[in-house]
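Accompanying notes for the structure given below.
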Amino acid sequence: MHRRLFITGLTASLLIAPPAFAQRASVVEQVITQLKSQGYTRITVGRTLLGRTRIVARNDEMRREIIINPSTGEVLRDYWEVNAEDDRRDDKDRSSSGSSRRESDDDRDDDDDDDDDDDDDRDDDRDDDDDDDDGGDDDDDDD
């Protein structure tokens, strides 16, 4: 009796599982088709440590990484990155304009300096309190 139930359950699960696998594969295939239509030529499909499907696509200008939940087909992440060659061209353009990135971040540095000044003020207050305590000890030494 138990054996028949087990075999029936196993058969039912095997009949239900292929559509789920087909759905997962079709989502990945759809994403790959879309990437190819967008001009991505180098496409790799792999797995993450958590078992999710990872698609990495590259073209001359961009690198794109897409993470898909294999059980639901949901796109969990779609990360775009400009290729390093384009970054170097942008850096040359920035340096020729006469301004640099660090100069524009001066206000961030000023905030750090202001915080340091505030800390110094607190330390000075503590030193003043310590001087008051020492004054009481000096009276005891005179006796």
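Under mature numbering (1 follows the signal peptide of the UniProt record, and there is no 0), residues -22 to -1, 1 to 121 are what the sequence shown spells out, in order.
For glycine and all other residues, C-beta sits at the position ideal for the given N, C-alpha and C.
When you compare only the Cα positions, how much space is there between residue i and residue j?
i, j, result
"GLN16", "GLY51", "21 Å"
"ARG42", "ARG36", "6 Å"
"ILE33", "GLU7", "10 Å"
"residue 130", "THR31", "Coverage of the chain is limited to positions -22 through 121, which leaves residue 130 absent and any answer about it impossible."
"LEU27", "GLN12", "25 Å"
"ILE21", "ILE10", "8 Å"
"TYR57", "TYR18", "14 Å"
Cutting at 8 Å between CB atoms, please list the residues of its own chain near residue i, excluding the five before and the five after it.
i, result
"residue 157", "Nothing about residue 157 can be read from this structure; the chain reaches only from -22 to 121."
"ASP83", "In this prediction, ASP83 has a pLDDT of 47, which is less than 50 and means its spatial position is unreliable; what the coordinates show is noted afterwards. Answer for ASP83: no residue qualifies."
"LYS14", "ILE21"
Just curious, the beta strand (DSSP E) that residue i is in, first and last residue?
i, result
"ASN56", "Inspection of the sequence shows that residue 56 is occupied by Asp rather than by Asn. Residues 53 to 60."
"GLU43", "40 to 46"
"GLY24", "20 to 25"
"ARG32", "31 to 36"
Tell me which same chain residues have a C-beta within less than 6 Å of the C-beta of residue i, skipping the five on either side of it?
i, result
"GLU59", "ARG41"
"ARG55", "ILE45"
Between which residues of its own chain and residue i is the CB-CB distance below 7 Å, once the five residues before and five after are set aside?
i, result
"VAL53", "ILE44 and ILE46"
"ARG25", "THR31 and ARG32"
"PRO48", "ARG2, GLY29, ARG30 and THR31"
"VAL5", "ILE46 and GLY51"
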